[in-house]
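Quick mapping for you: the protein sequence lines, in order, are chains A and B.
Be aware that the first sequence starts at 1, since it is given in the UniProt record's numbering, and climbs by one per residue.
Be aware that the second sequence starts at 1, since it is given in the UniProt record's numbering, and climbs by one per residue.
Think of the CB as a built atom: it goes at the ideal place given N, C-alpha and C, for glycine as much as any other residue.
Input: a single structure, listed below in structure tokens.
Number of protein chains: 2
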Amino acid sequence: MTTNYLAKYRSVIIYGVSLAALLFLLKWLEWRFIIVDYAFEIYAGFVAVIFTGLGIWLALKLSKPKTITVEKQVFINAGEFLLDKSQLNKLGMSNRELEVLQLMAQGLSNQQIAEKLFVSLNTIKTHSSKVFEKLEVQRRTQAIEKGKRLSLIP
Amino acid sequence: MTTNYLAKYRSVIIYGVSLAALLFLLKWLEWRFIIVDYAFEIYAGFVAVIFTGLGIWLALKLSKPKTITVEKQVFINAGEFLLDKSQLNKLGMSNRELEVLQLMAQGLSNQQIAEKLFVSLNTIKTHSSKVFEKLEVQRRTQAIEKGKRLSLIP
DNA sequence: ATCAAAATCACCCTAAAGTATGACGGAAAA
DNA sequence: TTTTCCGTCATACTTTAGGGTGATTTTGAT
Numbered sequence: 001m002t003t004n005y006l007a008k009y010r011s012v013i014i015y016g017v018s019l020a021a022l023l024f025l026l027k028w029l030e031w032r033f034i035i036v037d038y039a040f041e042i043y044a045g046f047v048a049v050i051f052t053g054l055g056i057w058l059a060l061k062l063s064k065p066k067t068i069t070v071e072k073q074v075f076i077n078a079g080e081f082l083l084d085k086s087q088l089n090k091l092g093m094s095n096r097e098l099e100v101l102q103l104m105a106q107g108l109s110n111q112q113i114a115e116k117l118f119v120s121l122n123t124i125k126t127h128s129s130k131v132f133e134k135l136e137v138q139r140r141t142q143a144i145e146k147g148k149r150l151s152l153i154p
Numbered sequence: 001m002t003t004n005y006l007a008k009y010r011s012v013i014i015y016g017v018s019l020a021a022l023l024f025l026l027k028w029l030e031w032r033f034i035i036v037d038y039a040f041e042i043y044a045g046f047v048a049v050i051f052t053g054l055g056i057w058l059a060l061k062l063s064k065p066k067t068i069t070v071e072k073q074v075f076i077n078a079g080e081f082l083l084d085k086s087q088l089n090k091l092g093m094s095n096r097e098l099e100v101l102q103l104m105a106q107g108l109s110n111q112q113i114a115e116k117l118f119v120s121l122n123t124i125k126t127h128s129s130k131v132f133e134k135l136e137v138q139r140r141t142q143a144i145e146k147g148k149r150l151s152l153i154p
């Protein structure tokens, strides 16, 4: 708490101390040059310079920094695809079924999918039928469309 | 040019003029208070206050504003779809063919497309065949996949 | 060990999709 | 004006997709 208070008004305190120090300095100068007649102008100039500097320093320390906020637009790459696993559970979609759906979306025929997965055509037909059931669609094109909407496929 | 130069160094010029004015003021004060013995401290304090204020004013005028750059994340709206017309020309795709392709991508059957466009099923078959030719594919699922890749459909 | 999915496959049948070919009217380009 | 392309439609045929039913094996969880 105390340190915080000190830190907050540090500049003001320093200013006060500086003023005190300067007072002593001035008194000393006064005493020294009191003998010399032409010391008056020098003294005034000295004071002017010192306090101008002090004012500048004070202003820079205490004034809130003038800030210009520039908004820099950072474009986020929205291309990332993340599979919606909660959706998978909700639909009760199995791994294999999802796999078949993905290959369907790539434009493969049932025959090609069968070859790719090393299973028979009939197996793929069974899988795709289940996919259609679970997605509540009739055709593979609809399945693809809905699969994309539900973030099951990119 | 000249006005620009003046504008740029306006603060400095004003400062100079102010200094000159103050010099006159000081001279006058000197002359006035030279009689009074205790005028010295008053004079010094006056100078100190004036020049502190001047320093503060100078600093505030001349200090460069700090520029803070804030990165603002802008999520690019991935929904923006722009049809690639140059691609259409390159492929020699007609309006009707593109229309059929779009409806295919929405999961419609040939029959449904025919009904939607008020033409016969055979007409749609002809169109889709030409679409497949031009896209160099065999199946509608492939056509959809390639159509999306080529920005023909969203 | 048991039970429930998941994955596999088969057969049959229908519907939809795709290929090939030809035809015709209209509009735009040559 | 002729040619070319678009859009339309038809017929015939082949291939692929999809629905229904049933069966076996594998796998994971209780």
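Does any heavy atom of the ligand FMN sit closer than 7 Å to the C-beta of residue i?
{"i": "residue 147/A", "result": "For the ligand FMN, the structure offers nothing, since it holds no ligand at all."}
If distances are taken between C-alpha atoms only, which option among the options comes closest to residue i?
{"i": "residue 188/B", "options": "135/B, 47/B, 119/B and 70/B", "result": "A question about residue 188/B goes unanswered here, because the residues of chain B that appear run from 1 up to 154."}
{"i": "residue 153/A", "options": "81/A, 53/A and 51/A", "result": "81/A"}
{"i": "residue 148/A", "options": "53/A, 56/A and 84/A", "result": "84/A"}
{"i": "residue 94/B", "options": "53/B, 50/B, 45/B and 132/B", "result": "132/B"}
{"i": "residue 119/A", "options": "60/A, 50/A and 96/A", "result": "96/A"}
{"i": "residue 159/B", "options": "21/A, 25/A and 44/A", "result": "A question about residue 159/B goes unanswered here, because the residues of chain B that appear run from 1 up to 154."}
Going by DSSP, name the residue or residues bridged to residue i.
{"i": "residue 47/A", "result": "In DSSP, residue 47/A forms no bridge with anything."}
Leaving out five residues before and five after residue i in sequence, what residues of the same chain have Cβ atoms less than 7 Å from its Cβ?
{"i": "residue 92/B", "result": "134"}
{"i": "residue 23/A", "result": "none"}
{"i": "residue 110/A", "result": "121, 124, 125 and 128"}
{"i": "residue 105/B", "result": "144, 147 and 153"}
{"i": "residue 2/B", "result": "Low confidence applies to residue 2/B: its pLDDT is 45, below 50, so where it sits in the model is not reliable, and the reading given next is rough at best. Around residue 2/B: no qualifying Cβ."}
{"i": "residue 137/A", "result": "143 and 146"}
So, for residue i: in the same chain, excluding its five sequence neighbours on each side, which residues have a beta-carbon less than 6 Å away from its beta-carbon?
{"i": "residue 35/B", "result": "The predicted model places residue 35/B with a pLDDT of 48, which falls under 50 and marks its position as unreliable; any figure quoted below should be read in that light. No residues qualify anywhere along the chain."}
{"i": "residue 112/B", "result": "none"}
Using a Cβ-Cβ cutoff of less than 8 Å, which residues in the same chain neighbour residue i once the five nearest sequence positions on both sides are dropped?
{"i": "residue 151/B", "result": "81, 82, 83, 84 and 87"}
{"i": "residue 116/B", "result": "103 and 108"}
{"i": "residue 49/A", "result": "none"}
{"i": "residue 21/B", "result": "none"}
Residues of the UniProt domain "HTH luxR-type" (84-151) of chain A with Cβ closer than 9 Å to any Cβ of chain B, in chain order: 104, 105, 106, 107, 108, 109, 137, 138, 139, 140, 141, 142, 143, 144, 145 and 146
The stretch 139-152 of chain B contacting the stretch 132-151 of chain A, beta-carbon criterion three pairs below 8 Å: The stretch 139-152 of chain B and the stretch 132-151 of chain A touch, with no fewer than 3 CB-CB distances between them shorter than 8 Å.
Contact the stretch 121-132 of chain A vs the stretch 90-102 of chain A: 3+ CB pairs below 8 Å: yes
Proximal residues, the stretch 43-56 of chain A versus chain B, C-beta separation under 7 Å: Listed by position along the chain: 44, 47, 48, 51, 52, 53, 54, 55 and 56.
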